[in-house]
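Peer 1: Numbering (my numbering), first residue to last: 31 to 416.
Just so it is clear, CB atoms sit at the ideal spot from N, CA and C, and this is done for glycine as well.
Got a structure here, written out as structure tokens. Questions coming.
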């Protein structure tokens, strides 16, 4: 029987309080026969002490360096930042499982993963077949729901509760982010207008919420239509959360032509900032929790907080996320315990996990990442390996 060591480092990204595995997850992995190294205080912001991990079988180590040098699989939350790149060199040829968003960032991380032949599996593109041949992204759903709820919560907090009933809200993107934002606001605000791109999703939203008088749902293509432009002009709050599947960069849905007609002081929350940003003025301009910037003649107020769940409600977010990631961790661990190089078998036999593959054996394996970074010569379909 082969060995398998799972490493759980403390997150280094600013304002990130989540952790890649809970003590309960550690216990399950150790029951399979794996070992788990957890960095000192990795779980403290999510409410898990070192002792809680030790009690359920983890080995606590003092530094990230010990994690990366000794682990076969590293389970994180966010993509490694530049200060962690040296660790990736000592981790060459092994498996990283985390959010990566490679198509929404600079090429540096992608290049480092390639140079070190790291098997990089991204939470955000692990997918299952859904109805109507539309993929479902199980590791995105819980975080998108939290992000939508928290984005709307922050927007409403800027107004006195007694004035909420006078607010007009526009939501761009009717997926998990948009629906969660809708549910958070629907009982309190005066009106909500949703713009959604996918026709079948529009029908789903109309079936669920169409009978609510204050809720209106339109195709995204009508955002510039004169007949509905008034809703954007009257909006006090705009939540922008469109997402393109497969790890693509977020589309820009709000530009200066929209900003010119919007209400003075309108608050715009760009929840797609992790995918690069969905408005012309937030793209490349992330903000910290609680911070905003004001721009334009109409003094529009922008918020673009990356990883909203980890910076606002890390304990809740960790539990929701690890409930969905742990089964995939167990697949990787189980196969690695059966034979050295077991990640190959795990990826070969699990189509949903394979769809999360971003880099493998020195090649880019996500076509959108390859296109974004002009790496077509270094692209290979993941299926070609398995």
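Are residue 237 and residue 247 close, meaning C-beta to C-beta below 7 Å?
Peer 2: Not in contact: residue 237 and residue 247 (Cβ atoms no closer than 7 Å).
Peer 1: So the candidates are 282, 190, 340 and 229; which of them puts its Cα closest to the Cα of residue 204?
Peer 2: Comparing Cα positions, the closest option is 229.
Peer 1: In the DSSP assignment, find the alpha helix (DSSP H) that holds residue 335 and state where it starts and stops.
Peer 2: Segment: none, residue 335 is in no alpha helix (DSSP H) and carries neither H nor E.
Peer 1: Mapping the DSSP letters down to three states, classify residue 37 as helix, strand or coil.
Peer 2: In the structure shown, residue 37 sits in a strand (DSSP, three-state: E or B).
Peer 1: So residue 224 and residue 208 are in contact, right, with Cβ under 8 Å, and what is the actual spacing, rounded?
Peer 2: 6 Å
Peer 1: Can you give the Cα-Cα distance for residue 263 and residue 293, rounded to whole angstroms?
Peer 2: Distance between the alpha carbons of residue 263 and residue 293: 6 Å.
Peer 1: Take residue 75 and list the residues in its own chain whose beta-carbon comes closer than 6 Å to its own, dropping the five residues that flank it on each side.
Peer 2: The answer, listed in chain order, is 47 and 344.
Peer 1: Do the stretch 141-155 and the stretch 125-133 meet, that is, are 3 or more Cβ pairs less than 8 Å apart?
Peer 2: yes
Peer 1: List in chain order: all unbroken alpha helix (DSSP H) runs of 4+ residues lying wholly within the stretch 90-130.
Peer 2: 94-100 and 115-120
Peer 1: Specify, as a first and last residue, the run of the alpha helix (DSSP H) that residue 172 falls within.
Peer 2: It spans 171-186 - the alpha helix (DSSP H) in which residue 172 sits, taken as one unbroken run.
Peer 1: So which of 394, 111, 318 and 385 has the shortest CA-CA distance to residue 157?
Peer 2: Checked all of 394, 111, 318 and 385; the closest Cα to residue 157 is 385.
Peer 1: Note down, in chain order, each residue of its chain lying with its Cβ closer than 7 Å to the Cβ of residue 377, except the 5 sequence neighbours on either side.
Peer 2: 383, 384, 387 and 416
Peer 1: According to DSSP, simplified to helix, strand and coil, what is residue 258?
Peer 2: For residue 258, the secondary structure class from DSSP, reduced to helix, strand or coil, is coil.
Peer 1: Where do the ends of the beta strand (DSSP E) carrying residue 222 lie?
Peer 2: 221-226
Peer 1: Note the first and the last residue of the continuous beta strand (DSSP E) segment covering residue 150.
Peer 2: Note, residue 150: beta strand (DSSP E), 149-152.
Peer 1: Within this structure, are the beta carbons of residue 380 and residue 361 separated by less than 7 Å?
Peer 2: yes
Peer 1: Short check: CB of residue 125 to CB of residue 373, under 7 Å?
Peer 2: yes
Peer 1: Compute the distance between the beta-carbons of residue 104 and residue 37, then report whether it is under 7 Å.
Peer 2: yes
Peer 1: Counting pairs of beta carbons, one from the stretch 346-360 and one from the stretch 167-174, are three or more of them closer than 8 Å?
Peer 2: Counting Cβ pairs under 8 Å, three or more are found: they touch.
Peer 1: Are the beta-carbon atoms of residue 365 and residue 375 separated by less than 7 Å?
Peer 2: yes
Peer 1: When DSSP builds the beta bridges, which residues end up paired with residue 300?
Peer 2: Residue 300 pairs with 270.
Peer 1: On the premise that residue 196 lies in contact with residue 218, defined as a C-beta separation below 8 Å, what is that separation, rounded to the nearest angstrom?
Peer 2: About 10 Å; that fails the 8 Å criterion.
Peer 1: Ends of the beta strand (DSSP E) at residue 198?
Peer 2: In the DSSP assignment, residue 198 falls within the beta strand (DSSP E) that extends over 198-202.
Peer 1: Closer than 8 Å is the cut-off here; do at least three beta carbon pairs connect the stretch 271-284 with the stretch 391-406?
Peer 2: yes
Peer 1: Do you know offhand how far residue 289's Cα is from residue 67's?
Peer 2: Each residue's Cα considered, the two are about 49 Å apart.
Peer 1: Considering only the alpha carbon of each residue, which of 300, 160 and 86 lies closest to residue 57?
Peer 2: 86
Peer 1: Can you name the residues that DSSP bridges to residue 246?
Peer 2: 223
Peer 1: Under three-state DSSP, which class holds residue 141?
Peer 2: helix
Peer 1: Cα-Cα, which of 61, 69 and 270 is closest to residue 92?
Peer 2: 69
Peer 1: Is residue 378 helix, strand or coil by DSSP?
Peer 2: When DSSP states are grouped into helix, strand and coil, residue 378 belongs to the helix group.
Peer 1: Would you mind sorting residue 193 into buried or exposed? The rule is 16 or more other CB atoms within 10 Å of its CB.
Peer 2: exposed
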